[in-house]
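Structure, as C-alpha cells:
There are 2 protein chains.
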Amino acid sequence: MDKIEEVLTRGVEKIYPSKEALEKFLESGKKIRLYSGIDPSNPQLHLGHTVVLKKLREFQDLGHEVILLVGDFTGRIGDPTDKTSIRKKLTHKEVLENAKTYQEQAEKVVKFDGKNPVKLKFNSEWLDKLTFNEVAELATFFTVQQFLERDMYQKRIKEEKPIGLHEFLYPLMQAYDSVAMNVDMEVGGNDQTFNMLVGRELIKAKLGREKFVITVPLLLGTDGQKMGKSLGNYIPLTDNFNDMFGKIMSLRDDLIVQYFELCTILPLQSIKSLAKELSPMDLKKRLAFEIVKMYHSEKEAQKAQEEFEQVFQKRNLPQENILVHEIKPVENDDVLKILTESGLVSSRSEAKRLIAQGGVDIDGATIKEASEVKMKDGSIIKAGKRKFLKIKIKG
Amino acid sequence: MDKIEEVLTRGVEKIYPSKEALEKFLESGKKIRLYSGIDPSNPQLHLGHTVVLKKLREFQDLGHEVILLVGDFTGRIGDPTDKTSIRKKLTHKEVLENAKTYQEQAEKVVKFDGKNPVKLKFNSEWLDKLTFNEVAELATFFTVQQFLERDMYQKRIKEEKPIGLHEFLYPLMQAYDSVAMNVDMEVGGNDQTFNMLVGRELIKAKLGREKFVITVPLLLGTDGQKMGKSLGNYIPLTDNFNDMFGKIMSLRDDLIVQYFELCTILPLQSIKSLAKELSPMDLKKRLAFEIVKMYHSEKEAQKAQEEFEQVFQKRNLPQENILVHEIKPVENDDVLKILTESGLVSSRSEAKRLIAQGGVDIDGATIKEASEVKMKDGSIIKAGKRKFLKIKIKG
C-alpha cells in the first residue's frame, strides 16, 4: 500500500479522473495495462524522458503490463507546424532504427527482458488500417470547440500562427491508440495532457470504460529553461560519464531537489536529509554521482567526480580524454580552423562568437581575437568550460 | 460567344477565379469536365435544385462532359450536427434507391442518354479507399483558421452550438472528389461556396491546375423564406400539375422575375417585356404555365391554368381530381377523423389547428369547431386553399 502511495505521488503532477479512483483500482490487486508514447523522429533520450520511464518502471516492478508505443504512424506524417519547410517523413526503416536506438537507451530504466518485460509496439499496426470512414466516425465524438480550447492552439490563434488541419487529427490518432490497445492507463508529460484526455474520452465512448491518465511534470533544463530551448541545457543518456557529470554540475541550485526527486531512486526521506546537511555544491555532486551511477556505473561516477574536482575546482587540466589535434607548422596561427576541424566547435561562426565572449583560452590565457594567436607544439586550447585540445605540430 | 456570355451570367452568382478567366478557357474550344454534388439523404428534388441542374444542362448542350456526383460516402456518415439524436446512416441499398429516384426527377432537366449523356457517379468509389494517412496528408494543405472563417462555423461558435470535429472533415471529402475526378469546374449553390473553394485549393496543391467554380443563387421559397423553412413553401418536381400550378400562384409578387430567370428557359429579353406588359397576376400565371409545361406538358399546363381560374378566381369547385371519401352513417359528425383518414391533413392536431384558423369549409360554410358539424352524402369539405373532399355515406 505504501508502495502504491509513493508511485502515485512522487514525480506525479496529476491523475485523471482522481488519485483516489486509481488507488482503489490498483488496490483491488488487478494487473493493469498501461502505456506511454514515443516520438520516433528524435530517438535521442535525455534525462527529461526518464521521468516517464521511471514511472513505467515502478508499475513494471509492481507486476503490471507496460507498453512503450512507438508513434511510427505519426512520425511518417512528420512535423506539421512549419508548412514552408519540407515536411520530414521517416521511412519505415528509419523508424525501426530509431526504435532500436531508443530501446537501447530506455533499457537503462525499464526492463525489456525477464519475467514481465516491457513490450515495444508500433501504432502503424492499427492506424495504417483506419479508413476515412472510420476516422470521420471517431471525429464525431469530439467538437471543434473542445479542440480549440487546448492551450497550444489558443496560443497559436492569438499569435496568428497557422494550425494545420492535420494537427486536429493528431489527438484523434493518439486517442485511437488507447482504444486499439485497450489500455487501462496512459502515462505522459504534462504537455501531453490534452491528447491523453482525448484518448480517455474516446475509450469511454467506444468501449464504455475508464482510462486513467497520469501526467508527470516536465523536467526543466539545467539553466531553468525548457529543455532543448538553449543548446546543451539537457543531458542525453548517451553522454559519456564526464560530460554527464559536468552538465549536472551546471544545474541551477534551485532545481537540485527536483532533479533528485524526478531522476534518482533515492528515497524521498534521504533526499530531504541530504538537502539539509549538504552545501549546494556538495548536494549537486551527490546528485551528479547518483545519476552517472545509474546510467554508467558507480566506478565511473567516482572517476567523473574526481575528474570534475581536479579540473574545475583545482583548475587543473583533465587527466584523460584530452583530444590531440595535429596541425602543420604554418597553421599555428589559425585558431578558427583548429577549433572547427577538431570538432571542438561546430562552425567558424560559433568559434568567433565563443572567442568574442571570452570563452577560449590558450595555455591559460583568454584570447580576445582569433588573429592574435600563435600556438606551439603542446599548447592547450580550452573552449567553453569543459572542452580541451592539445596541439601537436607535425614534422 | 453570345451563348457562353449568357451561360456565364444568367442564374450565376459568382465565378472563381473570375468570369473573364473562365470565358477565355471556354472560348479556346476545349471540352471541359464539370460536376455538381447531390446529397442522397433527401432525394426529393424541388424547383430550387433545378437552378444548378439547368446550368449543367447548358454546359451539356455546349458539348461539355457533365457529372452528377452522388455523395453516398457522406450520406453514410449522416448528418453531423445534432449529437444527441441518433445519426441517420443510409445503407448502400437506400443510397442506390435514392439515386434512382433522383435520376428520374433530374432527367426532366438534364439528359442521361443520347450523344453526350450526364454521368452519375458515387464518391464512395474513391473515398472508401482513402486511408488515415492519406486523409492527414490532404489536411496538411489547410489550416484550422481557414476553416473557422467559414460563416456557418462562425455562427455556431457565436451561438455556442457545437461543431462536430468530423464536420471539419466534410470539406476535405468534397475537395477530394474534385481531385479524384480531375474536374475543370464545379457548379453549386452559394451555400456550397466554401466546400467548392476548398476543392479548388486542393486541386491546385495536388495537381497544380485551376478548377473553376460557379456558384448559383439559392432560389427563395414561395413565401420569400429559405426553402423548406416553412412547410409547403417549395415545389417538389413530383407535384401533380394542379398542385405545382397552384403553389407557383402563391409566390410573392417580388419574386416572380427571379423565378422566371432561374427556373424557365424563356429568353431574358422576353421576360423583361412580359414583366412590363402583364399585371402581377397574369405574369405569375404565365410563370406557372411555363414551369408546369417544363415538368409536365403544355396540355397539362393549360388544364392546370383553367382549373386554377375556375376554383380560385371564379370560386367554383374543381372539375376533376376531387377525392371521394366513404364514411359510415354514424361518422357523419366526426370531421377530425375524416380529415385525417382521408389524408387531407396529416394529423388530428393539424386538423384542429386548421379549423381554429378558419381553414375548413363544409359546403361553402367555414366551420369554427369540430363539434358543430354534421355532414350529408355529397357534402364537400374544403381544407386550406386547394384541397377538396367529397363525402359519400355508405349503405
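So the protein lines, in turn, are chains A and B. The first sequence lines up with residues 1 to 395 when you count with the numbering used here. The second sequence lines up with residues 396 to 790 when you count with the numbering used here. Where is the CB? At the ideal position from N, CA and C, for every residue including glycine. Remember, it's a predicted structure, so these values are computed and weren't measured experimentally.
The continuous beta strand (DSSP E) containing B:Tyr-430 extends over residues 428-433. Residues of the region 526-551 of chain B with a Cβ closer than 9 Å to any Cβ of chain A, in chain order: Thr-526, Phe-527, Asn-528, Glu-529, Val-530, Ala-531, Glu-532, Leu-533, Ala-534, Thr-535, Phe-536, Phe-537, Thr-538, Val-539, Gln-540, Gln-541, Phe-542, Leu-543, Tyr-548 and Arg-551.
Distance from the CA atom of B:Ile-410 to the CA atom of B:Leu-403, rounded to whole angstroms, is 8 Å.
When only Cα atoms are considered, B:Leu-421 and B:Lys-550 end up about 37 Å apart. In the three-state scheme derived from DSSP, where H, G and I count as helix and E and B as strand, A:Met-227 is classed as coil. For A:Lys-14, the uninterrupted beta strand (DSSP E) run begins and ends at 14-16, by DSSP. Taking a cut-off of 8 Å for Cβ pairs, the region 221-241 of chain A and the region 197-209 of chain A do not touch, as fewer than three such pairs fall below it. Secondary structure of B:Pro-631 (DSSP, three-state): strand. The criterion of a C-beta distance shorter than 9 Å is satisfied by B:Ile-786 and B:Lys-771.
When DSSP states are grouped into helix, strand and coil, A:Lys-284 belongs to the helix group. Judged by DSSP in its simplified three-state form, B:Ile-733 adopts helix. Less than 9 Å separates the beta-carbon of B:Leu-614 from that of B:Cys-658. DSSP places A:Lys-158 inside the alpha helix (DSSP H), whose first and last residues are 151-158.
Sequence-distant Cβ neighbours of A:Ile-4 in its own chain, meaning closer than 6 Å and more than five residues away, are Leu-26. B:Leu-429 places its beta carbon less than 9 Å from that of B:Phe-454. Between B:Ser-774 and B:Asp-728, the C-beta spacing is not below 9 Å. Cβ contact annotation for B:Leu-646 (same chain, cutoff 7 Å, sequence separation greater than five): Thr-617, Tyr-654 and Lys-679, in chain order. With the criterion set as a beta carbon lying under 9 Å from some beta carbon of chain A, the region 403-421 of chain B has no members that meet it.
Of the residues assessed, A:Ala-21 falls on the exposed side of the cut-off, its CB having fewer than 16 other CB atoms within 10 angstroms. Annotation for A:Val-110: Leu-53, Leu-56, Arg-57, Gln-60, Val-66, Leu-68 and Val-118 place their beta carbon closer than 8 Å to its own, counting only its chain and skipping 5 residues before and after.
Taking the CA atoms as reference points, A:Ala-301 sits about 18 Å from A:Ile-322. Inter-residue distance for A:Ala-205 and A:Leu-138 is about 10 Å (C-alpha atoms, whole angstroms). By the rule that beta-carbons nearer than 9 Å mark a contact, A:Ile-163 touches chain B. In terms of beta-carbon proximity, B:Lys-524 lines the interface with chain A, with at least one pair separated by less than 9 Å. Around A:Phe-168, the beta-carbon contacts reaching into chain B at under 8 Å are Ala-534, Val-539, Leu-560 and Phe-563. Along the length of the region 755-789 of chain B, whole beta strand (DSSP E) runs at least 3 residues long occupy 755-757, 775-778 and 782-788, reported in chain order. As the crow flies, the alpha-carbon of A:Lys-24 is around 51 Å from that of B:Asp-434. In the three-state DSSP reduction, B:Gly-470 falls in the helix class (H, G or I).
In the structure shown, A:Glu-65 falls within a strand segment according to DSSP collapsed to helix, strand and coil.
Boundaries of the beta strand (DSSP E) around B:His-720: 718-722. For B:Met-568, a Cβ of chain A is located within less than 9 Å of the residue's own Cβ. In the three-state DSSP reduction, B:Phe-655 falls in the helix class (H, G or I).
Taking a 10 Å sphere around the C-beta of B:Asn-518, we find 16 or more other C-beta atoms and assign the residue as buried. Closer than 9 Å to the CB of A:Phe-73 there is at least one CB belonging to chain B. The C-beta separation of A:Leu-268 from A:Glu-261 comes to about 7 Å, placing the pair in contact by the 8 Å criterion. Taken in chain order, the unbroken stretches of beta strand (DSSP E) that lie wholly in the region 102-135 of chain A and span 3 residues or more are 119-122.
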